[in-house]
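Residue numbers (our numbering): 49 to 129.
Cβ atoms here follow ideal geometry from the backbone N, Cα and C, with glycine treated the same way.
In this text, all values refer to a predicted model and were calculated from it rather than measured experimentally.
What follows is a single structure, written as structure tokens, with notes after it.
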């Protein structure tokens with residue numbers, strides 16, 4: 049009996065720090081790769097650049113930017129169900 053569990057691609061859970069521009073100001077955001085990938089998809093669907101989408105998220109956030117981006121992505125995915 050094989051007791052090895054499937055954990056998916058562990059590279060997807062490593063944080064990736066990227067520079068973004070929010071309302072003309074450069075900052076860095078750390079997100080797991082899976083969230084960066086989904087953010088790119090959502091930006092394309094909304095016909096926005098990554099910076100434009102993050103700026104919209106930033107304007108409505110309470111708390112940290114990385115957390116706000118993760119919550120935004122989860123809520124968008126839940127809308128699709």
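Residue environment analysis places residue 102 among the buried positions, since at least 16 neighbouring C-beta atoms fall within 10 angstroms of its C-beta.
According to DSSP, residue pairing for residue 79 in a beta bridge involves 64. Counting only the Cα atoms, residue 111 lies some 16 Å from residue 76.
Following the DSSP letters along the chain, one finds residue 109 in no alpha helix (DSSP H), marked with neither H nor E.
For residue 73, the closest alpha carbon among the candidates 119, 62 and 100 is that of 100.
The criterion of a C-beta distance shorter than 9 Å is satisfied by residue 79 and residue 64.
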